[in-house]
Amino acid sequence: MNLLLDTHIWIWSKSDPKRLGRRAVEELSNSTNELWLSPVSVWEALILMQKGRIRVEDPFAWVERAADQLREAPLTHEIVRTGLALPLAHADPADRFLAATAKVLKLTLVTADQRLLGLGEITSLANR
25 MNLLLDTHIW IWSKSDPKRL GRRAVEELSN STNELWLSPV SVWEALILMQ KGRIRVEDPF
85 AWVERAADQL REAPLTHEIV RTGLALPLAH ADPADRFLAA TAKVLKLTLV TADQRLLGLG
145 EITSLANR
């Protein structure tokens, strides 16, 4: 399975794995699955670190280590257009980009976000 990690899933997997559900842990640790990360998640994580909501000694080094071994999903014009067309009730651009990335690249989005889990246009895996 090709899995796109939502920002919080990626952060939890590296800094607080107890927050991951059993199925998410199984799928993230399954060596036959390919794990993907969007640059949007890196951007979101760095903003959270800049605001002090996530505390690490060296944010850029943390991101480099945490993103190691993950495939980098591209952020293309098609993904941007798809994100604008998604029927999301909220305007969070990061969620739009992540959902659109999953849709365009045919990835399964691993998330705990109920709004994204309820989006019928993408395949998702709940953090359970």
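Numbering-wise (this note's numbering), the sequence shown opens with residue 25 and increments by one.
Heads up, the beta-carbon is just placed ideally off N, CA and C, and yes, glycines get one too.
List the whole-angstrom C-beta distance separating residue i from residue j, where the pair is believed to meet the contact cut-off of C-beta under 8 Å.
i, j, result
"residue 140", "residue 123", "6 Å"
"residue 112", "residue 63", "So it is not a contact: roughly 20 Å between Cβ atoms."
"residue 132", "residue 143", "That pair is no contact at about 13 Å."
"residue 105", "residue 60", "That pair is no contact at about 20 Å."
Considering residue i, what are the terminal residues of the alpha helix (DSSP H) in which it resides?
i, result
"residue 132", "First-last for residue 132: 132-135, but that is the beta strand (DSSP E), not the alpha helix (DSSP H)."
"residue 59", "Counting along the chain, residue 59 falls outside any alpha helix (DSSP H), though it belongs to the beta strand (DSSP E) covering 58-61."
"residue 108", "101-109"
I need the boundaries of the beta strand (DSSP E) containing residue i, first residue and last residue.
i, result
"residue 122", "Not the beta strand (DSSP E): residue 122 falls in the alpha helix (DSSP H), residues 117-129."
"residue 147", "147-150"
Which same chain residues, not among the five before or five after residue i, have their C-beta less than 8 Å away from its C-beta?
i, result
"residue 44", "33, 36, 37, 52 and 151"
Mark residue i as exposed unless 16 or more other C-beta atoms lie within 10 angstroms of its C-beta, in which case mark it buried.
i, result
"residue 92", "exposed"
Whose C-beta lies closer than 6 Å to the C-beta of residue i among residues of the same chain, with five residues either side of it excluded?
i, result
"residue 78", "72"
"residue 102", "128"
"residue 86", "80"
"residue 74", "none"
So, for residue i: in the same chain, excluding its five sequence neighbours on each side, which residues have a beta-carbon less than 7 Å away from its beta-carbon?
i, result
"residue 145", "110 and 127"
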